[in-house]
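Working notes, beginning with the structure itself.
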Amino acid sequence: HAPESATNKIKEGWKRGRLFLAAFAAVLGNFNFGYALVYTSPVIPALEMSNVPALKITRVEESWFGSVFTLGAAAGGLSAMLLNDRLGRKLSIMFSAVPSAVGYAFMGSAQGVWMLLLGRLLTGYAGGVTAASIPVYISEISHPGVRGALGACPQIMAVLGSLILYALGLKLPWRWLAVAGEVPVLAMIILLCFMPNSPRFLISKGKDEEAVGVLRWLRGQHTDFRREFEQIKESVRQQVLLFLPSKIRDPFIYKPILIAVLMRFLQQLSGVTPILVYLQSIFQSTAVILVSPTRDLTSTSGQSHKNPERWLPRSAASVCYRTF
298 HAPESATNKI KEGWKRGRLF LAAFAAVLGN FNFGYALVYT SPVIPALEMS NVPALKITRV
358 EESWFGSVFT LGAAAGGLSA MLLNDRLGRK LSIMFSAVPS AVGYAFMGSA QGVWMLLLGR
418 LLTGYAGGVT AASIPVYISE ISHPGVRGAL GACPQIMAVL GSLILYALGL KLPWRWLAVA
478 GEVPVLAMII LLCFMPNSPR FLISKGKDEE AVGVLRWLRG QHTDFRREFE QIKESVRQQV
538 LLFLPSKIRD PFIYKPILIA VLMRFLQQLS GVTPILVYLQ SIFQSTAVIL VSPTRDLTST
598 SGQSHKNPER WLPRSAASVC YRTF
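Counted the way my numbering counts, the sequence shown spans residues 298 to 621.
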């Protein structure tokens, strides 16, 4: 019975790992978002020294090259609201691979600044779609016990993508940076072909049997996936009632939304995005003195476990303030 028991454990471990594989496949889109966001950091200094007149970038064009990404991201985020409801979360993420791949192709083969701007706009659009779709997909496929941990993965992968771009920028020519950006896009689209759609989306479309099959695949045969299916189905029904016009004025509904929007607005108001986008140019033109934030981290680390949703943003703000 020992070999049979070991085999069963391996099978159950694989079934539990399916959820993490699906989450990893999705957050490759966030990795690509972080990579594409800071693509300009090593590229702008290279274009300033370009020997090709059509690619020698001006100050005005530098500003557009860095900022047009956010215009595309805004359009992508808005269109994701429609795509998520029509195509589903998974297909929306897969759809983002098209403008992303085309955008990198434009930048990698650019013969003029307009191709760089167009490529940047397309990768920004793709980033907006993924930023709005991936957190929803992950939250809807995740078991409640790991939802919080997996919910942090999109941002972690975005930061990792930026870090990889900065590292590759030390060695690769700027055209090859665009070629390298195609790799996570290709990996994402291949992996997602084998991943399921979210059970919540399937239930909202009346595909109950398919949703049950997805939960069985994600959780394993010997789990209480039927009970989870009933809970999700009831949650979908309640969601329709909650978002009636008469319910939106309820503080229970609008207060969390306002708090989340305000936090996001203040984060962007801090200027973190322009710093990331023009990081290499900033460090080349400015004498920067970094102050160690160790004391701030030490003082907050002891409190973070008590109320992490309050202390972690405070800690981050403290470190940023001390650094800059």
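Glycine residues also receive a C-beta, built at the ideal position from the N, C-alpha and C atoms.
*So Ala428 is in the alpha helix (DSSP H); what residue range does that whole segment cover?*
For this step, residue 428 is matched to residue 131 along the sequence shown. From DSSP, the alpha helix (DSSP H) with Ala428 extends over 410 to 438.
*Limits of the alpha helix (DSSP H) - the one that Tyr463 falls within*: Within the sequence shown, the letter at position 166 stands for residue 463. Here the alpha helix (DSSP H) through Tyr463 covers 450 to 466.
_So, at 6 Å on beta carbons, what are the nonlocal neighbours of Arg516 in its own chain, with the 5 sequence-adjacent residues on each side left out?_
Numbered from its first residue, the sequence shown carries residue 516 at position 219. Once the five neighbours on either side are set aside, the close Cβ partners of Arg516 are Phe522.
*Candidates Gln565, Ser495, Ala322: which alpha carbon is nearest Asn381's?*
The residue you call residue 381 lines up with position 84 of the sequence shown. Comparing Cα-Cα distances from Asn381 to each of Gln565, Ser495, Ala322, the minimum goes to Ser495.
*Which term fits Phe330, buried or exposed, when burial requires 16 or more other beta carbons within 10 angstroms of its beta carbon?*
The count along the sequence shown starts at 1 and reaches residue 330 at position 33. Burial call: buried.
*Can you tell me the Cα-Cα spacing of Arg497 and Ala477, whole angstroms?*
The count along the sequence shown starts at 1 and reaches residue 497 at position 200. The count along the sequence shown starts at 1 and reaches residue 477 at position 180. Taking the straight line joining both Cα atoms gives about 34 Å.
_Please state whether the Cβ-Cβ distance between Glu479 and Tyr422 is less than 8 Å._
One-based indexing of the sequence shown puts residue 479 at position 182. One-based indexing of the sequence shown puts residue 422 at position 125. Their beta carbons are not under 8 Å apart, which means Glu479 does not touch Tyr422 by this criterion.
*asked:* Quick check on Val569: buried or exposed, where buried means 16 or more other Cβ atoms within 10 Å of its Cβ?
replied: For the purposes of this step, residue 569 is taken as residue 272 along the sequence shown, with counting starting at 1. Per the 10 Å Cβ criterion, exposed.
_Pop quiz: Gly448 and Ser436 are said to be a contact at Cβ under 8 Å. What is the actual Cβ separation, rounded to whole angstroms?_
The sequence position of residue 448 within the sequence shown is 151, counting from 1. The sequence position of residue 436 within the sequence shown is 139, counting from 1. At roughly 6 Å, the Cβ-Cβ gap stays under 8 Å, so Gly448 and Ser436 are in contact.
*Proximity of Ile341 and Phe362 at Cβ, strictly below 8 Å*: Locating residue 341 in the sequence shown gives position 44, counting from the first residue. Locating residue 362 in the sequence shown gives position 65, counting from the first residue. Yes, Cβ-Cβ distance for Ile341 and Phe362 is below 8 Å.
*Cα-Cα separation between Ala557 and Tyr551, rounded to whole angstroms*: Position 260 of the sequence shown, counted from the first residue, corresponds to residue 557. Position 254 of the sequence shown, counted from the first residue, corresponds to residue 551. Approximately 10 Å, taken between the alpha carbons.
*asked:* Spatial neighbours of Gln452 within its chain, please: C-beta separation below 6 Å, excluding the five flanking residues on both sides.
replied: Indexing the sequence shown from 1 puts residue 452 at position 155. For Gln452, where only same-chain residues beyond five positions count, there are no Cβ hits under 6 Å.
*Ignore the nearest five residues each way along the sequence and tell me which others in Pro339's own chain have a CB closer than 6 Å to its CB.*
Locating residue 339 in the sequence shown gives position 42, where the first residue counts as 1. Counting only Cβ-Cβ distances below 6 Å, and skipping sequence neighbours, we find Gly466, Gln577.
*Leaving aside the five residues before and after Arg315 along the sequence, list all residues of the same chain whose C-beta is less than 8 Å from its C-beta, in chain order.*
To locate residue 315, count along the sequence shown from 1; it is residue 18. Trp514, Leu515.
*Contact check, Leu414 vs Tyr332, beta carbons under 8 Å*: For the purposes of this step, residue 414 is identified with residue 117 of the sequence shown, where counting begins at 1. For the purposes of this step, residue 332 is identified with residue 35 of the sequence shown, where counting begins at 1. Going by C-beta atoms, Leu414 is not nearer than 8 Å to Tyr332.
*Sub-8 Å separation of Ala372 and Gly409 beta-carbons*: Position 75 of the sequence shown holds residue 372. Position 112 of the sequence shown holds residue 409. No, these two residues do not count as a Cβ contact at 8 Å.
_Leu573 to Met454 span [Cα, whole Å]_ = Numbered from 1 along the sequence shown, position 276 holds the residue referred to as residue 573. Numbered from 1 along the sequence shown, position 157 holds the residue referred to as residue 454. Rounded to whole angstroms, Leu573 to Met454 spans 15 Å at the Cα level.
*asked:* If contacts are defined as beta-carbon pairs under 8 Å, then Phe317 and Leu457 qualify, I think. What distance do you get, rounded to the angstrom?
replied: Position 20 of the sequence shown, counted from the first residue, corresponds to residue 317. Position 160 of the sequence shown, counted from the first residue, corresponds to residue 457. So it is not a contact: roughly 16 Å between Cβ atoms.
*Please say whether Arg386 and Val433 have beta carbons closer to each other than 8 Å?*
Numbered from 1 along the sequence shown, position 136 holds the residue referred to as residue 433. Numbered from 1 along the sequence shown, position 89 holds the residue referred to as residue 386. The Cβ-Cβ distance between Val433 and Arg386 falls below 8 Å.
*In angstroms, rounded to a whole number, what distance separates the CA positions of Arg444 and Ile438?*
Sequence index remark: in the sequence shown, residue 444 carries index 147 (1-based). Sequence index remark: in the sequence shown, residue 438 carries index 141 (1-based). For Arg444 and Ile438, the distance between alpha carbons rounds to 9 Å.
*If you draw a straight line from the C-alpha of Pro553 to the C-alpha of Val533, how long is it?*
Within the sequence shown, residue 553 is the residue found at index 256, counting from 1. Within the sequence shown, residue 533 is the residue found at index 236, counting from 1. Taking the straight line from one Cα to the other gives about 19 Å.
*Mapping DSSP to helix, strand and coil, what is Tyr401?*
Locating residue 401 in the sequence shown gives position 104, counting from the first residue. Looking at Tyr401 - three-state DSSP - the assignment turns out to be helix.
*Whole-angstrom Cβ separation of Val509 and Phe526, contact assumed at under 8 Å?*
As a working mapping, residue 509 is identified with position 212 in the sequence shown. As a working mapping, residue 526 is identified with position 229 in the sequence shown. Correct: roughly 5 Å between the Cβ atoms.
_Pairwise C-alpha distance: Gln528 and Gly442_ = Here residue 442 is taken as the residue at index 145 of the sequence shown, counted from 1. Here residue 528 is taken as the residue at index 231 of the sequence shown, counted from 1. Cα-Cα distance, rounded: 15 Å.
*asked:* Between which two residues does the alpha helix (DSSP H) holding Gln564 run?
replied: Taking the sequence shown and counting its residues from 1, the one referred to as residue 564 is at position 267. 548 to 566 is the span of the alpha helix (DSSP H), which, as asked, contains Gln564.
*If you count every other CB in all the chains shown that lies within 10 Å of the CB of Arg561, and 16 or more means buried, which is it?*
Position 264 of the sequence shown, counted from the start, is the residue given in the question as residue 561. Exposed, since its Cβ has fewer than 16 Cβ neighbours within 10 Å.
*Cβ-Cβ separation, Ala429 to Val482 (assumed contact under 8 Å), whole Å*: Along the sequence shown, one-based indexing puts residue 482 at 185. Along the sequence shown, one-based indexing puts residue 429 at 132. Wrong, their Cβ atoms sit about 17 Å apart, outside the cutoff.
*Kindly indicate which three-state DSSP category Pro350 falls into: helix, strand or coil?*
For the purposes of this step, residue 350 is identified with residue 53 of the sequence shown, where counting begins at 1. Pro350: helix per DSSP, three-state reduction.
*asked:* As a quick exercise: from Tyr336, Gln564, Ala377, Leu559, pick the residue whose alpha carbon is nearest that of Val365.
replied: By 1-based counting over the sequence shown, the position of residue 365 is 68. If we check each option's Cα against that of Val365, Tyr336 comes out closest.
*asked:* Give me the residue from Lys468, Arg546, Leu344 with the minimum Cα distance to Met404.
replied: Locating residue 404 in the sequence shown gives position 107, counting from the first residue. Ranking the options by Cα distance to Met404, first place goes to Leu344.
*From Ala446 to Lys353, what does the alpha carbon distance come to, in whole angstroms?*
Along the sequence shown, read from residue 1 onward, the residue named residue 446 stands at position 149. Along the sequence shown, read from residue 1 onward, the residue named residue 353 stands at position 56. Using only the alpha carbons, I get a separation of about 45 Å.
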